[in-house]
Amino acid sequence: MGNVFVLNHPLIQHKLTYIRDKNTGTKEFRELVDEVSMLMAFEITRELPLKEITVETPVTEAKAHILSGKKIGLIPILRAGLGMVDGMLNLLPAARVGHVGLYRDPETLKPVEYYIKLPSDIAERKLIVLDPMLATGGSANDAIDSLKKRGAKSISLMCLIAAPEGVELIKENHPDVDIYLGGLDEKLNEKGYIVPGLGDAGDRLYGTK
Ligand code: PRP
Ligand code: URA
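Residue numbers for the sequence shown follow the numbering used here, beginning at 6 and rising by one.
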């Protein structure tokens with residue numbers, strides 16, 4: 006069964022508070038999402054496997070460690086997931102990036118896929134799906150379906166804020182997927198927005214309405 010981790014690091018929680026604040030403008034919002042994504046990347050890579058190598062220091066030979074195991078693939082869900090990519094790449098500069106374009110139909114709240122472009126070797130990579138919001142869970146669920154259909158075998162999901170409904174949907178449909186969150190909120194409102202949430206992540210990142 007996939008695990009759900011709420012990343013309680015004080016810096017993540019501090020910055021998330023300003024991301025939630027409706028008085029935070031577009032520029033600052035974008036910067037904060039970038040910073041929180043980098044901090045979350047630090048937390049979720051704790052368990053990456055290492056291998057021992059020998060390195061020559063200026064003094065002597067030393068046994069030391071470097072990353073081993075699967076390479077990483079970052080999969081932002083367009084649009085809002087794009088805001089999390091650069092922060093992640095700061096710490097994982099060799100990661101490949103695949104894009105899944107989905108929007109949520111405002112009437113039905115069902116996701117509609119309009120774009121997909123992935124690295125050719127997704128089956129060999131550890132994929133991290135990025136989206137600031139996990140609301141009904143429909144978008145992340147469909148993105149994960151799409152990745153699995155194309156051969157992906159190792160997938161995690163990283164979101165800034167989730168509603169319990171979205172977490173339950175992913176746990177039920179994709180029990181192999183670990184979920185990493187900055188915050189787990191109370192509920193969805195009648196329009197499918199997370200309460201208390203942060204509003205519309207795409208609009209706040211890009212200054213649209
Ligand atoms: C938002 C958000 C998620 C989705 C979450 O995207 O970025 O992708 O809604 O909702 P769900 O869990 O109920 O599917 P939106 O559809 O607003 O598209 P955008 O990023 O292009 O603005
Ligand atoms: N999408 C958003 O951007 N915000 C929400 O609260 C729910 C879906």
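Every residue, glycine too, gets a C-beta built ideally from N, C-alpha and C.
Residue i: CB within 8 angstroms of a non-hydrogen atom of ligand 2
i	result
Arg35	no
Arg109	yes
Pro137	yes
Tyr198	yes
Ala148	no
Distance cut-off 8 angstroms: residue i Cβ against heavy atoms of ligand 1
i	result
Ala99	no
Pro201	no
Ile82	yes
Gly188	no
Pro116	yes
Residue closest to residue i, alpha-carbon to alpha-carbon, out of the options
i	options	result
Arg155	Asp136, Leu165, Pro124	Pro124
Ile127	Ser161, Pro201, Leu107	Ser161
Ala140	Ala67, Leu21, Lys196	Lys196
Through-space distance from residue j to residue i, alpha-carbon basis
i	j	result
Ile24	Asn194	19 angstroms
Met163	Ile77	14 angstroms
Met43	Asn95	7 angstroms
Val60	His70	9 angstroms
Residue i in three-state terms, based on DSSP
i	result
Ala245	The question about residue 245 has no answer here: the residues shown for the chain are numbered 6 through 214.
Glu118	strand
His14	coil
Could you name each continuous beta strand (DSSP E) segment of 3 residues or more that falls completely within the segment 171 to 205, going from the start of the chain to the end?
-> 183 to 189
At 4 residues or longer, and completely inside the segment 24 to 94: list those alpha helix (DSSP H) runs for me, N to C.
-> 31 to 49
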